[in-house]
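A.B. asks: If you read the sequence shown in my numbering, its first letter stands for residue 3, the second for the next number, and so on.
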Amino acid sequence: MATWIVHLRLAENLLKLIPNLDERQFAIGNIAPDSGIPDENWENFDPPPTVTHFLSPEKEWVDSADIDFYNQHLVEIDPLSDKEHFSFRLGYFYHLLTDNLWRTHIARPTQERYKDEFDADPKFISKVKKDWYGLDLAYVRDYPESIFWRVFLDAEPDACDLDFLPMNAVKQQLEFIKSFYKGHEKEIAEFYTPPYVYLTQDEVDDFVDEVTQRLFRIYQNIWVEKTPIPDNKSILSIVL
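What follows is the structure in structure tokens.
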């Protein structure tokens, strides 16, 4: 849901706040849920989002069930003795939370604001996402010392051992993402063309700043203050 550079910008901010993380595995973890291999139309993925994003196949809930991921794959990992696996899985957990927040603060308001356009054109989301990823491409070119170039580009998924996520899918998607943002100038020019109508740089920056602080509060609640985890689908229901 959120763009890959938004996920990486959050990872970069959180690495400054959370101690004892492996920056490469944390960066990859923040991208890994988007590792379903797409079909030629980018409509179906293997494994599907219901698996990688902990969504309800029966639509009983619409957001990622981040607490399900935490209980099944993260609670068992010791942050001190298993730094790489904790970093990867914490990144994965944060990706699910970020997608939930992006859906609430960016995607749904956009759908409401442009309801007529969405109703009239099933492919209108492509126009919206062109702005989303145009801002991504602008960011990686404006910040050559960012985590994308400095860490992510050479990182490998060494700590990826989740039983539902095939390693070949992760590696294939990582290569696609790295290639997409490195891109050829002719391809990039198609996206890198302001002004952006459906999302602005200020809106993205505000989202990243606010979500950084919220994700850090979640880290403090769970791993520092040892707050009990609720019997719910999302930690966002208790950590504001």
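Where is the CB? At the ideal position from N, CA and C, for every residue including glycine.
Could you tell me which uninterrupted beta strand (DSSP E) segments, each at least 3 residues in length, are contained entirely in the segment 145 to 187, listed from first to last along the chain?
C.D. replies: The qualifying runs do not exist here; there are none.
A.B. asks: Would you decide whether residue 171 is buried or exposed? Buried here means 16 or more other CB atoms lie within 10 Å of its CB.
C.D. replies: Residue 171 should be labelled buried.
A.B. asks: By DSSP, does residue 209 sit in helix, in strand, or in coil?
C.D. replies: It is helical.
A.B. asks: Could you check which residue in 212, 159, 29 has the C-alpha nearest to that of residue 104?
C.D. replies: Here the closest residue by C-alpha is 212.
A.B. asks: Span of the alpha helix (DSSP H) holding residue 117?
C.D. replies: Unbroken alpha helix (DSSP H) run through residue 117: 117 to 122.
A.B. asks: Given residue 86, which residues of its chain have a CB within under 7 angstroms of its CB, disregarding the five upstream and five downstream residues?
C.D. replies: So the list reads 24, 27, 160, 161, once near-sequence residues are dropped.
A.B. asks: So the candidates are 38, 101, 18, 219; which of them puts its Cα closest to the Cα of residue 66?
C.D. replies: When each option's Cα is compared against that of residue 66, the closest is 101.
A.B. asks: According to the neighbour-count rule (16 or more other Cβ atoms, all chains shown, within 10 Å of its Cβ), is residue 236 buried or exposed?
C.D. replies: Burial call: buried.
A.B. asks: Counting Cβ pairs closer than 8 angstroms, one from the segment 36 to 53 and one from the segment 128 to 144, do we hit at least three?
C.D. replies: Not touching, per the Cβ criterion.
A.B. asks: Taking the alpha-carbon positions, what's the residue 7 to residue 164 distance?
C.D. replies: Between residue 7 and residue 164, the C-alpha separation is close to 23 angstroms.
A.B. asks: Should residue 253 be labelled buried (16 or more other beta-carbon atoms within 10 Å of its own) or exposed?
C.D. replies: Residue 253 lies beyond the residue range present for the chain, which begins at 3 and ends at 242; the question has no answer from this structure.
A.B. asks: Between residue 97 and residue 36, is the Cβ-Cβ spacing less than 9 angstroms?
C.D. replies: In this structure, residue 36 lies closer than 9 angstroms to residue 97 by Cβ.
A.B. asks: Please state whether the Cβ-Cβ distance between residue 267 and residue 15 is less than 9 angstroms.
C.D. replies: With the chain covering 3 to 242 only, the question about residue 267 has no answer from this structure.
A.B. asks: Looking only at its own chain, which residues have a Cβ that is under 7 angstroms from the Cβ of residue 19, when we skip the five neighbours before and after it?
C.D. replies: Cβ within range, chain order: 218.
A.B. asks: If I follow the unbroken alpha helix (DSSP H) through residue 99, where does it start and stop?
C.D. replies: Start and end: 85 to 104.
A.B. asks: Exposed or buried, what is residue 82 when buried is set at 16 or more other beta-carbons lying within 10 Å of its beta-carbon?
C.D. replies: Answer is exposed; the Cβ neighbour count stays below 16.
A.B. asks: Which residue marks the beginning of the alpha helix (DSSP H) containing residue 68, and which one marks its end?
C.D. replies: Start and end: 68 to 71.
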